[in-house]
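One structure below.
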Amino acid sequence: MNTSPTQQNILIIGASRGIGFGFVKMLLEQKNNIKLYATYRDQETAGDLFKLQLEYSSFLNLLQLDITHEEQIDNLAKQLKNEISDIHLLVNCVGFLQKGNIKPEKSLRHINSENLLTYFKINSIATVLLAKYFLPFFRHSDPSVFAAVSAKVGSIGDNYLGGWYGYRASKTALNMFLKNISIEYKRTCPHTIVVALHPGTTDTDLSKPFQRNVPPEKLFSVERTVNQLLNIIDNLTENDTGQFFSWDGSRLPW
Ligand SMILES: NC(=O)c1ccc[n+]([C@@H]2O[C@H](COP(=O)([O-])OP(=O)(O)OC[C@H]3O[C@@H](n4cnc5c(N)ncnc54)[C@H](OP(=O)(O)O)[C@@H]3O)[C@@H](O)[C@H]2O)c1
Numbered sequence: 001m002n003t004s005p006t007q008q009n010i011l012i013i014g015a016s017r018g019i020g021f022g023f024v025k026m027l028l029e030q031k032n033n034i035k036l037y038a039t040y041r042d043q044e045t046a047g048d049l050f051k052l053q054l055e056y057s058s059f060l061n062l063l064q065l066d067i068t069h070e071e072q073i074d075n076l077a078k079q080l081k082n083e084i085s086d087i088h089l090l091v092n093c094v095g096f097l098q099k100g101n102i103k104p105e106k107s108l109r110h111i112n113s114e115n116l117l118t119y120f121k122i123n124s125i126a127t128v129l130l131a132k133y134f135l136p137f138f139r140h141s142d143p144s145v146f147a148a149v150s151a152k153v154g155s156i157g158d159n160y161l162g163g164w165y166g167y168r169a170s171k172t173a174l175n176m177f178l179k180n181i182s183i184e185y186k187r188t189c190p191h192t193i194v195v196a197l198h199p200g201t202t203d204t205d206l207s208k209p210f211q212r213n214v215p216p217e218k219l220f221s222v223e224r225t226v227n228q229l230l231n232i233i234d235n236l237t238e239n240d241t242g243q244f245f246s247w248d249g250s251r252l253p254w
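Under full-length UniProt numbering, the final residue of the sequence shown carries the number 254; numbering is consecutive throughout.
Quick look at the structure:
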């Protein structure tokens with residue numbers, strides 16, 4: 001992925017805060033010759049991203065997207081088509097664990113079908129829609145990567161604790177979508193590497209309420225996480241497509 005001398009067009013989805021914002025910041029600081037597109041849903045939570053845009057106005061373009069609306073994904077692809085024909089890296093960093101009345105379920109007693117649908121819409125379905133609408137941008141012969149930030153709790157083989165039904169299952173579904181996307185992309189855009197990435201527990205709003213029992217050495221800063229994930233992305237080869245990588249580059253069981 002790190003080999004082309006041509007301008008790299010990068011799209012980071014869910015860049016208002018957390019890991020997505022960290023990707024945008026680090027890419028701007030470390031990479032030359034990039035054109036970066038970053039999405040936010042709500043301007044109110046995207047203050048830091050807008051500040052960064054002022055600093056890097058020739059390299060960073062901000063676009064609004066609520067990932068639960070298919071027509072907005074379609075429109076985003078159409079909007080980008082007016083500016084670029086190729087994408088070299090797309091990372092979907094959007095994720096949802098809890099907000100308001102929706103909390104990770106500790107028991108079957110807490111299962112609620114509407115809440116489950118919310119998890120699946122944000123954490124799973126969004127990525128397969130991105131793969132659908134952005135496929136034409138990957139029909140080029142440069143190396144490219146289509147990645148989504150998943151989570152180890154989505155691993156069926158690694159599930160020893162239970163609980164968090166909606167979040168876990170939505171990440172499992174995300175992983176299956178990514179595997180399927182990798183198989184179809186291999187036929188239609190064979191130079192695109194499709195991967196699921198587990199970031200490790202990272203100090204963001206998403207993990208804040210659950211950090212109490214995490215030993216300090218296992219709680220990563222956003223900078224550390226993004227650095228580790230970019231290192232994996234930079235070293236991917238076409239043989240890696242369809243795999244589920246942990247933050248240290250090891251492969252996780254499905
Ligand atoms: N942090 C961890 O320890 C950890 C561990 C394992 C996996 N992950 C995964 O890593 C990814 C990033 O998580 P994070 O820790 O950075 O979370 P975060 O700080 O809570 O950020 C979540 C991002 O998702 C966006 N988002 C939520 N719903 C959206 C929607 N409907 N449309 C568009 N954007 C939406 C948020 O935008 P708004 O600002 O508009 O809400 C925000 O940019 C997620 O997929 C998460 O599941 C995180």
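Cβ coordinates follow ideal geometry from the N, Cα and C atoms, glycine included. Since we're looking at a predicted model, the values are computed, not measured.
Report the rounded CA-to-CA distance for residue i versus residue j, giving the unit in angstroms.
i, j, result
"D248", "Q98", "26 Å"
"V149", "K186", "20 Å"
"L252", "T188", "26 Å"
"A196", "P215", "25 Å"
"G163", "S155", "13 Å"
"Y40", "D74", "16 Å"
"G242", "N213", "32 Å"
"G20", "L65", "14 Å"
"S221", "G166", "26 Å"
"G141", "F23", "The sequence shown places Ser at residue 141, not Gly. So the two alpha carbons sit approximately 24 Å from each other."
"Q79", "Y160", "44 Å"
"V153", "Q72", "29 Å"
"E223", "R17", "12 Å"
"C93", "G14", "5 Å"
"W254", "Y133", "26 Å"
"residue 272", "K218", "Look at the range of the chain in this structure, 1 to 254, and you will see that residue 272 is not part of it."
"S58", "K35", "8 Å"
"N33", "H191", "20 Å"
Can you tell me where the beta strand (DSSP E) with residue i in it begins and where it stops?
i, result
"K35", "34-40"
"I193", "192-197"
"L90", "89-92"
I need the DSSP call for residue i, collapsed to helix, strand or coil.
i, result
"K31", "coil"
"N213", "coil"
"I156", "coil"
"F244", "strand"
"L11", "strand"
"Q43", "helix"
"D151", "First, the amino acid is wrong: residue 151 is Ala here, not Asp. Three-state DSSP puts A151 in coil, outside helix and strand."
"Q98", "coil"
Count the other CB atoms, across all protein chains shown, that sit within 10 Å of the CB of residue i; report buried if there are 16 or more and exposed otherwise.
i, result
"N87", "According to the sequence as given, residue 87 is Ile; it is not Asn. It counts as buried."
"H110", "exposed"
"H198", "buried"
"E44", "exposed"
"L108", "exposed"
"E105", "buried"
"S144", "buried"
"Q30", "exposed"
"F50", "exposed"
For residue i, report the span of its alpha helix (DSSP H) as first-last.
i, result
"T127", "126-134"
"N180", "165-188"
"residue 260", "Since the first residue shown for the chain is 1 and the last is 254, residue 260 is missing from the structure and cannot be characterised."
"I232", "222-234"
"N75", "70-81"
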